[in-house]
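Right, one structure below, let's go through it.
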Amino acid sequence: MISATAFAQTEPVWSDEFDGEQIDRSVWTYNTGGSGFGNGEMQFYTASQNNAYIEDGNLVIEARRENYEGKPFTSARLHTNGRFGFKFGTLEARIKLPKLDNGLWPAFWMLGDNYGVDGWPKSGEIDILEAGFKSAMEDGSVNNAVSGAVHWWHETGTWSDWLQASHSQHVVLADPLYTDYHTYRLDWTPEEIIISVDDTRVLTMDTSDPALSEFRDNPMHILLNLAVGGWNFVEITDPAQITADFPAKMYVDYVRLYANEHTELEVAAEDYISGDFGVLTETHPVENTLNWEDNTNLYVWSNMQDSSPVPFEGSEALGFTVQPGNWWGMGLLHPDYNLHNYKHGTLQFDMRVDSDVNIEVHMMSTAGGQGTVVLANGGDQYGLVRDGGWHHVTIPLSKFGGVDMETVQTLFAISGPAPASAFEIAVDNIYLTESTPLPAPQNGNFGIYTETAANTTAGALLEGQDSDLFIWEGTLNLAPATAATSAPEGEAALNFSSTGKGWFGMGFAAREGFDLSAFDNHEAALHFSMRTTDQTEFRVGLKSGNVQNIGQTWVTFAPGNDPYGFVRDGQWQDVVIPMSDLSGDLEMTDMRQLFQLLGFGEISDLSIDNIYLSGGASSEPDGDVCKPVRWKKGARKCLPIRGKKRGWDKGKPPFIAVP
Numbered sequence: 010m011i012s013a014t015a016f017a018q019t020e021p022v023w024s025d026e027f028d029g030e031q032i033d034r035s036v037w038t039y040n041t042g043g044s045g046f047g048n049g050e051m052q053f054y055t056a057s058q059n060n061a062y063i064e065d066g067n068l069v070i071e072a073r074r075e076n077y078e079g080k081p082f083t084s085a086r087l088h089t090n091g092r093f094g095f096k097f098g099t100l101e102a103r104i105k106l107p108k109l110d111n112g113l114w115p116a117f118w119m120l121g122d123n124y125g126v127d128g129w130p131k132s133g134e135i136d137i138l139e140a141g142f143k144s145a146m147e148d149g150s151v152n153n154a155v156s157g158a159v160h161w162w163h164e165t166g167t168w169s170d171w172l173q174a175s176h177s178q179h180v181v182l183a184d185p186l187y188t189d190y191h192t193y194r195l196d197w198t199p200e201e202i203i204i205s206v207d208d209t210r211v212l213t214m215d216t217s218d219p220a221l222s223e224f225r226d227n228p229m230h231i232l233l234n235l236a237v238g239g240w241n242f243v244e245i246t247d248p249a250q251i252t253a254d255f256p257a258k259m260y261v262d263y264v265r266l267y268a269n270e271h272t273e274l275e276v277a278a279e280d281y282i283s284g285d286f287g288v289l290t291e292t293h294p295v296e297n298t299l300n301w302e303d304n305t306n307l308y309v310w311s312n313m314q315d316s317s318p319v320p321f322e323g324s325e326a327l328g329f330t331v332q333p334g335n336w337w338g339m340g341l342l343h344p345d346y347n348l349h350n351y352k353h354g355t356l357q358f359d360m361r362v363d364s365d366v367n368i369e370v371h372m373m374s375t376a377g378g379q380g381t382v383v384l385a386n387g388g389d390q391y392g393l394v395r396d397g398g399w400h401h402v403t404i405p406l407s408k409f410g411g412v413d414m415e416t417v418q419t420l421f422a423i424s425g426p427a428p429a430s431a432f433e434i435a436v437d438n439i440y441l442t443e444s445t446p447l448p449a450p451q452n453g454n455f456g457i458y459t460e461t462a463a464n465t466t467a468g469a470l471l472e473g474q475d476s477d478l479f480i481w482e483g484t485l486n487l488a489p490a491t492a493a494t495s496a497p498e499g500e501a502a503l504n505f506s507s508t509g510k511g512w513f514g515m516g517f518a519a520r521e522g523f524d525l526s527a528f529d530n531h532e533a534a535l536h537f538s539m540r541t542t543d544q545t546e547f548r549v550g551l552k553s554g555n556v557q558n559i560g561q562t563w564v565t566f567a568p569g570n571d572p573y574g575f576v577r578d579g580q581w582q583d584v585v586i587p588m589s590d591l592s593g594d595l596e597m598t599d600m601r602q603l604f605q606l607l608g609f610g611e612i613s614d615l616s617i618d619n620i621y622l623s624g625g626a627s628s629e630p631d632g633d634v635c636k637p638v639r640w641k642k643g644a645r646k647c648l649p650i651r652g653k654k655r656g657w658d659k660g661k662p663p664f665i666a667v668p
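In terms of the working numbering, the numbers along the sequence shown are unbroken and rise by one, the last being 668.
If you want it as structure tokens, here you go:
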């Protein structure tokens, strides 16, 4: 057997040096939430620049002791799933860890890109760096001990078994991990995995056994995170027992991949799919299609029997008989597709049905969640007519809130509640169309809710046409102006009071989205006028993209600590927030919620008016803007710096529109 290190090259074939101003969102995105991630971890992972940012040529992942969404800590977990992956090679990162004792759990690791379709541990897992484990805390070596591990699917047993196998080892270094940077390395070939730190071998594993196909068949993606506590590994589940210093910072100087003779790269940004994309169509011209031969499965989940319908086109269609008394549903599951170019495209299909039952159309993603559009009788049918004949349906993909379009694992699914009587349903000619350009106001001020012409020189939202004002779940009353709340400009203002539901929220939602990159500059600002005497805490925010918790930014207004000079004296005051304070968490090229209000508790009076953005410049770059992220044959290849990639909250559905 030839050692993996024998093939190491002197120049990386891919690298992120973290030398820009912001995290490269064409490469990295986030896992978010406070689920504990299977380990009982105690942090809430955010996509906030408070927890992950670029500083002095480093990616910094910062864990904080702060209460957030019911968790006592915040931190960040970044990954490249759907953006960058590879199979075989030498991957290394230069990292400086915080003091770990006690309770911190940093990691530099990998998962198979088949995670979405096959799950863990069939995806395989390679842990290049883990530190902070319990036995090292107990013997006093926790700040010097480095662990490496490999996890895979155990090929024997029954479904009642825990079919996960693993191999782990650790070494103890002479110097603490927090005093300087250390280089953590994976050497990977089809026959062998070697994990090392500073050229000290941590783990060697022979992967030539046919049962270890997880480490030969699929590319893998990279993860970097800093966890806090957990019943696994750290074995601390009481926040009071976390004694590490906060804020705790994990510094990553670079991540580099060197090729060996087996290396295969998958850099999504270099080869985004484009053109009409076929899911199930035989006659519509498409440039790319779902590969039904590549681990793609059509599942019938409940109460649907094949009815073999006459197709709308070609020779095949999906047709079913649905019986009364039970819910029904079917859908696809397949390897992830990166559909970056389709975020503002459409899902198109032909459907035949004569029932008035609600039809829920779904898409699902690995790195995001599920998005659903309901075709409700009497609601928006998107072209469907329920007369038993074939009709063409067109749904904007932006309606599938929550889906990460870079990791789509279900391109099409339908389901619905139990019908009152049996019915037939058929679907055919399913395909996606590519995004159309979003409106991109620039060179002036952009109005969100304003009657002042000077505040709309770059354009304005057209409520009821390209945007809507939503009251979230009926949590606010919208009252007309009074003498006390008369508008500071024009004739109208937004005057709110709670409806007693324990929380409240509203937002101006773009029906498709806006490219506001012209306002991503140090001169731009968000303006609004506001008045209240109420002492309830609330937040003002903006939201970009499509995935929950990613691309969201909030500014908290708290009594006694209100920002930007706001005073709760009942008088109208102008609030000006520099966009540089907001844009770091936003994908400015894909803004979905242009102004939001959110609070918990009840608020008796709050008035807002004259909302607009100022300082829009030209969004055209000054010449070629490039970043060295890839080398080929010794020559540096310059790639354009991509737009920020984040996601849009699933929202607070169901929304209630204000007439």
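All C-beta atoms in this analysis are idealised placements derived from N, C-alpha and C, irrespective of residue type, glycine included.
Proximity below 8 Å, CB of His353 to CB of Ser407:
The sequence position of residue 353 within the sequence shown is 344, counting from 1. The sequence position of residue 407 within the sequence shown is 398, counting from 1. Yes.
So the candidates are Gly323, Trp336 and Glu75; which of them puts its Cα closest to the Cα of Val309?
Taking the sequence shown and counting its residues from 1, one reaches residue 309 at position 300. Minimum Cα distance to Val309 is reached at Trp336.
Can the beta-carbon of Leu595 be found less than 8 Å from the beta-carbon of Ser553?
Residue mapping note: residue 595 aligns to position 586 of the sequence shown, counting from 1. Residue mapping note: residue 553 aligns to position 544 of the sequence shown, counting from 1. Contact: yes.
In chain order, what residues of the same chain lie with their CB nearer than 6 Å to the CB of Asp633, ignoring the 5 residues before and after it?
Position 624 of the sequence shown, counting from 1, holds the residue named residue 633. Only weak support exists for where Asp633 lies, its pLDDT of 40 falling under 50; the value from the coordinates is given anyway. Cβ neighbours of Asp633 beyond the five flanking positions: none.
Buried versus exposed call for Ala501 [16 or more other C-beta atoms within 10 Å across all chains shown]
One-based indexing of the sequence shown puts residue 501 at position 492. Ala501 comes out exposed.
Where Glu147 falls: helix, strand or coil (DSSP):
Locating residue 147 in the sequence shown gives position 138, counting from the first residue. In this structure, Glu147 counts as helix in the three-state DSSP scheme.
What's the call for Phe547, buried or exposed, on a 16-neighbour Cβ count within 10 Å?
Numbered from 1 along the sequence shown, position 538 holds the residue referred to as residue 547. So Phe547 counts as buried.
Between the Cα of Val288 and those of Asp437, Ile404, Ala158 and Glu101, spot the shortest distance and give me the residue it belongs to.
Counting from one through the sequence shown, the residue named residue 288 turns up at place 279. Checked all of Asp437, Ile404, Ala158 and Glu101; the closest Cα to Val288 is Asp437.
Quick one: is Ser316 near chain D, going by C-beta distance under 8 Å?
Of the protein chains in the structure, only one exists, and it is not chain D.
Residue environment, Phe609, which counts as buried when at least 16 other CB atoms sit within 10 Å
Start at 1 with the first residue of the sequence shown, and residue 609 comes out as number 600. Looking at its Cβ environment, which holds fewer than 16 other Cβ atoms inside 10 Å, Phe609 is exposed.
For Gly514, which three-state DSSP category applies?
Start at 1 with the first residue of the sequence shown, and residue 514 comes out as number 505. Three-state DSSP puts Gly514 in a strand.
May I ask you to report which of helix, strand or coil DSSP gives Ser669?
A query on residue 669 cannot be resolved here, the shown segment of the chain reaching from 10 to 668 and no further.
Once you ignore the five residues that flank Arg651 on each side, which residues in its own chain have a CB closer than 8 Å to its CB?
To locate residue 651, count along the sequence shown from 1; it is residue 642. Since pLDDT at Arg651 reaches only 31, below the 50 mark, its modelled position is unreliable, and the value read off the structure follows with that caveat. Here the set comprises Asp33, Arg34, Ser35 and Ala278.
Work out the CA separation of Phe53 and Gly43 for me, nearest whole Å.
Residue mapping note: residue 43 aligns to position 34 of the sequence shown, counting from 1. Residue mapping note: residue 53 aligns to position 44 of the sequence shown, counting from 1. Taking the straight line from one Cα to the other gives about 4 Å.
Residues of its chain near Gly98, where Cβ-Cβ distance is below 7 Å and the 5 sequence neighbours each way are ignored
On the sequence shown, residue 98 is found 89 positions in, with the first residue counted as 1. Excluding positions up to five away in sequence, the list reads Trp197, Leu266, Tyr267, Ala268, Asn269 and Thr272.
Would you check if the distance between the CB atom of Ala519 and the CB atom of Met600 is smaller than 8 Å?
Your numbering for residue 519 matches position 510 in the sequence shown. Your numbering for residue 600 matches position 591 in the sequence shown. Closer than 8 Å, so yes.
Is Ser84 closer than 8 Å to Asn60 when the C-beta atoms are compared?
For the purposes of this step, residue 60 is taken as residue 51 along the sequence shown, with counting starting at 1. For the purposes of this step, residue 84 is taken as residue 75 along the sequence shown, with counting starting at 1. Yes, the Cβ-Cβ distance between Asn60 and Ser84 is below 8 Å.
Segment contact flag, the region 328-335 with the region 467-483, C-beta cutoff 8 Å, min 3 pairs
no
By alpha-carbon positions, which one of Tyr621, Ile70 and Gly49 ends up nearest to Asn241?
On the sequence shown, position 232 is the one that residue 241 refers to. The candidate whose alpha carbon is nearest that of Asn241 is Gly49.
Would you call the region 179-193 and the region 134-153 touching, i.e. three or more CB-CB distances under 8 Å?
yes
Which residue comes first and which comes last in the beta strand (DSSP E) that contains Val155?
For the purposes of this step, residue 155 is identified with residue 146 of the sequence shown, where counting begins at 1. That run of the beta strand (DSSP E) goes Ala154 to Trp162.
Under 8 Å by Cβ, that's how I've got Gly79 and Ile251 pegged, so tell me the actual separation to the nearest angstrom.
As a position in the sequence shown, residue 79 is number 70, starting the count at 1. As a position in the sequence shown, residue 251 is number 242, starting the count at 1. Incorrect: roughly 16 Å between the Cβ atoms, too far for contact.
May I have the straight-line CA-CA distance separating Tyr346 from Met414, to the nearest angstrom?
For the purposes of this step, residue 346 is identified with residue 337 of the sequence shown, where counting begins at 1. For the purposes of this step, residue 414 is identified with residue 405 of the sequence shown, where counting begins at 1. One C-alpha to the other measures close to 8 Å.
Nearest to Tyr187 by CA position, among Asn152, Ile202 and Ala220, is which residue?
For the purposes of this step, residue 187 is taken as the residue at position 178 of the sequence shown. With distances taken between Cα atoms, Tyr187 lies closest to Asn152.
Using the three-state DSSP reduction, which class does Pro81 fall into: helix, strand or coil?
Numbered from 1 along the sequence shown, position 72 holds the residue referred to as residue 81. Reduced to three states, the DSSP call for Pro81 is strand.
In chain order, what residues of the same chain lie with their CB nearer than 6 Å to the CB of Gly516, ignoring the 5 residues before and after it?
Within the sequence shown, numbered from 1, the residue matching residue 516 stands at position 507. Around Gly516: Phe479, Gln602 and Gln605.
Phe528 and Met597 look like a contact to me (Cβ under 8 Å); what is the Cβ gap, rounded to whole Å?
To locate residue 528, count along the sequence shown from 1; it is residue 519. To locate residue 597, count along the sequence shown from 1; it is residue 588. Correct: roughly 7 Å between the Cβ atoms.
Which whole runs of the beta strand (DSSP E) in the region 270-345 are 3 residues long or more, in chain order?
273-276, 286-289, 306-311, 313-315, 327-331 and 337-342
If I measure Cβ to Cβ from Pro320 and keep anything under 6 Å in the same chain, skipping five residues before and after, which residues do I get?
For the purposes of this step, residue 320 is identified with residue 311 of the sequence shown, where counting begins at 1. Only Ala326 and Asp437 meet the Cβ criterion.
Taking 8 Å as the cut-off, decide whether the C-beta atoms of Val159 and Val180 are in contact.
Mapped onto the sequence shown, residue 159 falls at position 150. Mapped onto the sequence shown, residue 180 falls at position 171. For Val159 and Val180, no; Cβs fall outside 8 Å.
Go ahead and pull the three-state DSSP assignment for Val126.
Along the sequence shown, read from residue 1 onward, the residue named residue 126 stands at position 117. If DSSP states are grouped into helix, strand and coil, Val126 belongs with the helices.
On the premise that Ser222 lies in contact with Glu200, defined as a C-beta separation below 8 Å, what is that separation, rounded to the nearest angstrom?
Residue mapping note: residue 200 aligns to position 191 of the sequence shown, counting from 1. Residue mapping note: residue 222 aligns to position 213 of the sequence shown, counting from 1. So it is not a contact: roughly 13 Å between Cβ atoms.
Look up Leu109 in the DSSP assignment and give the residues it is bridged to.
Stepping through the sequence shown from its first residue, residue 109 is reached at position 100. DSSP output for Leu109 lists no bridge partner at all.
Considering Ala257, what are the terminal residues of the beta strand (DSSP E) in which it resides?
Here residue 257 refers to the residue found at position 248 of the sequence shown. Residues Ala257 to Tyr267.
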